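Protein chains: 2
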Amino acid sequence: MFELLKTDAHTKARLGRLTTAHGVVETPVFMPVGTQASVKALDPRELLEMGTQIILGNTYHLNIRPGLDIIRAAGGLHRFMNWEKPILTDSGGFQVFSLAKIRKIKTHGVEFRSHLDGSPLFLGPKEAMEIQRTLGSDIAMAFDECPPHDAPAKEQRLAVERTIRWAGECREQPRAEGQLVFGIVQGGSNAALREECAKALVPMEFDGYAIGGVSVGEPEPEMMKAVELTEPFLPAHKARYAMGLGTPAQMVELIARGVDMFDCVLPTRIARNGTAITRRGAFGLKGAAYKADFRPIEAGCECFACKLFTRAYLRHLLKANEILGLRMVSVHNSHMYLKLMADVRAAIAAGNFAEFHREFIASYTPSQKILSARKTANDER
Amino acid sequence: MFELLKTDAHTKARLGRLTTAHGVVETPVFMPVGTQASVKALDPRELLEMGTQIILGNTYHLNIRPGLDIIRAAGGLHRFMNWEKPILTDSGGFQVFSLAKIRKIKTHGVEFRSHLDGSPLFLGPKEAMEIQRTLGSDIAMAFDECPPHDAPAKEQRLAVERTIRWAGECREQPRAEGQLVFGIVQGGSNAALREECAKALVPMEFDGYAIGGVSVGEPEPEMMKAVELTEPFLPAHKARYAMGLGTPAQMVELIARGVDMFDCVLPTRIARNGTAITRRGAFGLKGAAYKADFRPIEAGCECFACKLFTRAYLRHLLKANEILGLRMVSVHNSHMYLKLMADVRAAIAAGNFAEFHREFIASYTPSQKILSARKTANDER
């Protein structure tokens with residue numbers, strides 16, 4: 012299912028190909044996030060035009076709204092939302108631990124109340140897999156426990172133990188036809204826990220492995236460390252997915268550390284506040300500096316927004332609360348993420364990723380603005 | 012500039028062709044409203060795909076935001092918003108009288124305060140024409156006084172007198188190259204005033220004539236009456252435009268009364284609340300009845316939304332506040348209006364408009380919901 016096509020000579024970057032029931036995904040890949048069966052503000056044509064290979068859906072959210080009966084009646088999530096390419100569904104573990112109210116962890120899952128109407132719900136490995144089977148996603152994620160990054164050591168250990176036990180239970184549940192299942196490694200920034208968790212999951216022979224417990228509010232060095240502590244214990248011939256990450260620079264750094272797959276709400280979320288992302292960093296389009304700036308968001312960019320519109324026009328739309336403004340910045344930012352991954356793949360294939368990596372990091376200015384936006388974006392995953 | 016191609020044998024319906032600096036407009040025509048240089052939620056590709064021939068822009072709004080200096084620097088409104096087809100600009104008269112705060116009517120225009128920041132502004136025939144010249148619209152509207160529908164007779168008379176005087180002043184202002192200018196007939200539902208106003212404006216030889224003072228909260232019979240009282244005094248060889256109207260049934264009725272052009276915020280405004288318009292009437296897509304309704308909004312509709320999505324999916328998006336939901340209903344509703352006009356033109360050409368009219372009215376159920384939505388929609392014009 013996953014072919015490792017090439018490993019970079021100077022970094023841990025990998026070129027791969029993941030074959031799913033709805034088509035092939037070339038890695039490294041960025042997956043736009045369609046939490047509620049819609050990548051925010053974008054339509055399927057726009058997603059295809061910008062080169063989207065696979066999108067995310069969310070077990071927790073879709074189970075609450077519209078509800079499984081509707082998606083089952085529609086013939087699955089692909090048909091419900093009219094998306095014919097691959098879909099990966101998050102298991103809902105992250106949302107149960109970050110979003111739901113009043114939760115009680117039991118042996119076989121978590122009792123909690125819906126963040127929408129307070130109704131009592133239960134989600135565990137069995138339920139999460141059953142929901143994902145009904146959604147019919149191409150890649151289902153195991154149900155894990157994702158503690159906060161500053162949880163005490165004892166809580167991190169308990170979470171790893173539950174994550175391992177639940178992973179085993181997920182592995183045994185029935186799947187949709189052709190559905191792949193990925194395991195999730197937890198353990199925070201504790202080296203021993205990361206190793207223990209990875210070593211317990213690898214023999215379960217999941218179709219791919221995710222690094223969870225990142226993008227939970229931790230500082231960037233801690234996030235990098237969590238990945239570095241996990242990666243050596245993951246099998247080379249399976250895809251590796253860093254959940255909920257990241258900024259453009261973070262993705263390039265993580266690819267150099269052996270990660271193949273990413274998802275992040277950042278490009279669409281900050282777009283709705285008028286922040287555009289380019290190869291050189293992010294900037295707020297609402298700034299007075301762009302009032303009469305008749306250049307596109309990013310010179311040379313081939314996205315629909317940059318081909319049609321100027322910064323001055325988009326700034327006007329954003330200031331006037333016109334929906335077309337946030338739509339077009341969402342198009343640009345998502346396109347930027349996808350094009351970056353395409354360029355990374357080309358660089359690995361051509362054997363010059365180390366140079367690409369060095370040059371990208373040198374010319375990209377990390378923005379505190381977008382880093383802090385990420386921390387509040389969890390409700391959208 | 013306006014060719015009257017055919018007059019219906021049984022009604023006053025007309026088939027026409029209006030030639031402007033940015034292309035030809037086949038009439039009867041519906042003009043989507045792009046008040047702030049954007050037809051709400053839609054992009055130019057979507058507008059072209061649904062058969063848009065001409066859109067509206069607004070003098071009052073664009074003058075306040077982004078401001079004329081920006082649009083002048085962009086090279087005019089067409090280039091600012093990347094719309095290459097014709098644009099008609101409203102003169103701002105309607106907004107000054109309905110939206111602006113603390114106004115004082117003077118001989119040469121109106122002193123008022125911006126509804127955005129309260130800054131003092133002045134708009135009269137000279138200013139309105141100068142702004143429209145800078146916007147570079149294909150059709151500029153004369154600056155008129157538009158009193159409320161329940162204004163006392165004396166106020167209606169004064170408004171007609173000012174409208175006539177200001178029309179004369181508008182007529183003498185310089186225009187953009189190839190720009191047409193339409194006069195606006197006021198007079199409420201007073202037969203003598205309508206006749207007087209029309210008879211004063213016709214010798215001024217405007218390029219077309221609008222019926223103003225409608226869509227200002229009046230009951231539908233009064234609106235029909237205002238049009239019927241005006242139309243006989245308008246020259247047959249000029250286009251007639253009923254401002255701010257209407258529902259699908261109202262447009263078909265008005266076409267039968269000799270009107271050629273319409274604009275209305277209704278299709279996009281009610282779309283954002285989840286109301287879809289079909290040939291048989293309007294319905295609220297958020298209704299529980301559509302939870303598992305996997306049909307398109309309207310059977311046989313060729314719009315982007317109906318080709319891709321089901322009512323169940325769109326209902327879910329609307330309930331979940333996903334932007335794609337209101338986008339797609341905006342696409343459908345606008346397409347419905349434009350397709351209706353295309354069908355009307357075909358019916359007039361084929362000589363069966365009377366039958367089309369009868370059948371349309373018989374199968375269309377007017378909705379109080381959308382009629383009342385219209386009354387609160389004036390801030391978007």
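Protein chains in written order, with the numbering used here: chain A, 12 to 392; chain B, 12 to 392.
Glycine included, each C-beta is placed from N, C-alpha and C at the ideal position.
Note that the coordinates shown come from a computational prediction; the quantities given were computed from them, not determined experimentally.
Q: Count the other C-beta atoms from every protein chain shown that fall within 10 angstroms of the C-beta of Pro185 (chain A), then say buried if there are 16 or more, exposed otherwise.
A: With fewer than 16 Cβ atoms within 10 Å of its Cβ, Pro185 (chain A) is classed as exposed.
Q. Going along the segment 51-71 of chain B in order, which residues come within less than 9 Å of chain A, judged by CB to CB distance?
A. So the list reads Lys51, Ala52, Leu53, Asp54, Pro55 and Arg56, given in the order they occur along the chain.
Q) When DSSP builds the beta bridges, which residues end up paired with Thr376 (chain A)? A) Residue pairing of Thr376 (chain A) in beta bridges, as defined by DSSP: A:Gly292.
Q) Using the beta-carbon of each residue, which ones in chain A are nearer than 9 Å to Ile334 (chain B)? A) In chain order: Ser49, Lys51, Ala52, Leu53, Arg283, Ile334, Leu337, Arg338 and Ser341.
**Q.** Coil, strand or helix - Ala388 (chain B) by DSSP
**A.** Bear in mind that the predicted position of Ala388 (chain B) carries a pLDDT of just 49, short of 50, making it unreliable; the figure below should be weighed with that in mind. When secondary structure is reduced to three states using DSSP, Ala388 (chain B) falls in the coil class, being assigned neither helix nor strand.
Q: Measure from the C-beta of Ile98 (chain B) to each C-beta in chain A and report whether the shortest distance is under 8 Å.
A: No, no contact with chain A.
(Q) Taking the alpha-carbon of Glu231 (chain B) as reference, which of B:Glu242, B:Gly257 and B:Glu206 has the nearest alpha-carbon? (A) Here the closest residue by C-alpha is B:Gly257.
**Q.** Buried versus exposed call for Asp128 (chain B) [16 or more other C-beta atoms within 10 Å across all chains shown]
**A.** That one is exposed.
(Q) When you compare the CB of Phe305 (chain A) with every CB in chain B, is at least one pair closer than 8 Å? (A) Chain B contact via Cβ: present.
Q) What are the partner residues of Thr18 (chain A), as DSSP defines its beta bridges? A) For Thr18 (chain A), DSSP records a beta bridge to A:Arg25.
Q: Find out if the Cβ-Cβ distance for the pair Gly189 (chain A), Ala85 (chain A) is shorter than 8 Å.
A: Between Gly189 (chain A) and Ala85 (chain A), the gap from beta carbon to beta carbon reaches 8 Å or more.
**Q.** Min CB distance His327 (chain B) to chain A below 8 Å
**A.** Yes, its Cβ sits closer than 8 Å to a Cβ of chain A.
Q | Among A:Ile142, A:Ala52 and A:Leu26, nearest to His343 (chain A) - alpha-carbon criterion | A | Taking the Cα of His343 (chain A) as reference, the smallest distance to any Cα among A:Ile142, A:Ala52 and A:Leu26 is reached at A:Ala52.
(Q) Is there a C-beta anywhere in chain B that falls below 8 Å from the one on Ile142 (chain A)? (A) Contact of Ile142 (chain A) with chain B is not assigned, every C-beta pair being separated by 8 Å or more.
Q. Nearest-angstrom Cα distance between Asn201 (chain B) and Ala299 (chain B)?
A. Roughly 46 Å between the two C-alpha positions.
Q) For Leu319 (chain A), which residues in chain B fall below 9 Å Cβ to Cβ? A) Here the neighbours are Asp54, Pro55, Arg56 and Asn93.
**Q.** Start-to-end residues for the beta strand (DSSP E) that takes in Glu37 (chain B)
**A.** In the DSSP assignment, Glu37 (chain B) falls within the beta strand (DSSP E) that extends over Gly34 to Thr38.
Q: Take Trp94 (chain B) and list the residues in its own chain whose beta-carbon comes closer than 7 Å to its own, dropping the five residues that flank it on each side.
A: The beta carbon of Trp94 (chain B) is closer than 7 Å to those of Pro55 and Ile66 in its chain, skipping five residues each way along the sequence.
Q: Taking 8 Å as the threshold, find out whether the segment 324-343 of chain B comes into contact with the segment 278-297 of chain B through three or more Cβ pairs.
A: Cβ pair count under 8 Å is three or more, so yes.
(Q) Tell me which residues of the segment 76-89 of chain A have at least one Cβ-Cβ distance to chain B shorter than 7 Å, keeping chain order. (A) Against chain B - using a Cβ distance shorter than 7 Å - the residues of the segment 76-89 of chain A are Arg76, Pro77, Ile81, Ala84 and Ala85.
Q. Counting along the chain, where does the alpha helix (DSSP H) carrying Pro259 (chain A) start and finish?
A. Membership of Pro259 (chain A) in the alpha helix (DSSP H) is indicated by the continuous run Pro259 to Ala267.
Q: Taking C-beta pairs closer than 7 Å, name the residues in chain B that Tyr324 (chain A) reaches, listed in chain order.
A: Under the 7 Å cutoff, chain B gives Phe91 and Met92.
Q) Any beta-carbon of chain A closer than 8 Å to the one on Lys297 (chain B)? A) With 8 Å as the cut-off, Lys297 (chain B) does not count as an interface residue toward chain A.
Q. For Met152 (chain A), does the three-state DSSP call read helix, strand or coil?
A. Three-state result, Met152 (chain A): strand.
Q: Would you mind sorting Ala388 (chain B) into buried or exposed? The rule is 16 or more other CB atoms within 10 Å of its CB.
A: Summary for Ala388 (chain B): the model assigns pLDDT 49, below 50, so the residue's position carries little reliability; its value from the coordinates is reported in the next sentence. Ala388 (chain B) is classed as buried because its beta carbon has at least 16 other beta carbons within 10 Å across all chains shown.
Q | Extent of the continuous alpha helix (DSSP H) to which Thr70 (chain A) belongs | A | It spans Thr70 to Ile75 - the alpha helix (DSSP H) in which Thr70 (chain A) sits, taken as one unbroken run.
Q: Quick one: grab the DSSP three-state call for Arg173 (chain B).
A: Reduced to three states, the DSSP call for Arg173 (chain B) is helix.
Q.
Short of 6 Å in beta carbon distance, which residues of its chain neighbour Ala365 (chain B), apart from the five on each side in sequence? Order them along the chain.
A. Closer than 6 Å at the Cβ level, and outside the excluded window around Ala365 (chain B), lie His21 and Thr22.
Q: Kindly confirm or deny that the segment 169-188 of chain A and the segment 244-258 of chain A touch, where touching means at least three C-beta pairs closer than 8 Å.
A: As far as the Cβ criterion goes, the segment 169-188 of chain A does not touch the segment 244-258 of chain A, which means the pair count is below three.
Q. Buried or exposed: Gly34 (chain B), going by 16 or more other Cβ atoms within 10 Å of its Cβ?
A. Under this definition Gly34 (chain B) is an exposed residue.
Q: List the DSSP bridge partners of Ala303 (chain B).
A: Residue pairing by DSSP leaves Ala303 (chain B) without any beta bridge partner.
Q) Which term fits Asp149 (chain B), buried or exposed, when burial requires 16 or more other beta carbons within 10 angstroms of its beta carbon? A) Classification of Asp149 (chain B): buried, given that the 10 Å Cβ count is 16 or more.
Q | Contacts of Ala331 (chain A) in chain B (Cβ-Cβ under 7 Å) | A | By Cβ distance, chain B contributes Gln47 and Arg76.
(Q) For Val340 (chain B) and Lys302 (chain B), I'd like the C-alpha separation in whole angstroms. (A) One C-alpha to the other measures close to 16 Å.
Q. Between the segment 62-79 of chain B and the segment 287-297 of chain B, do three or more beta carbon pairs fall short of 8 Å?
A. With the cut-off at 8 Å, the segment 62-79 of chain B and the segment 287-297 of chain B do not touch.
Q) With 16 as the cutoff for other CB atoms within 10 Å, does Ala267 (chain A) come out buried or exposed? A) Of the other Cβ atoms in all chains shown, 16 or more fall within 10 Å of the Cβ of Ala267 (chain A); this residue is therefore buried.
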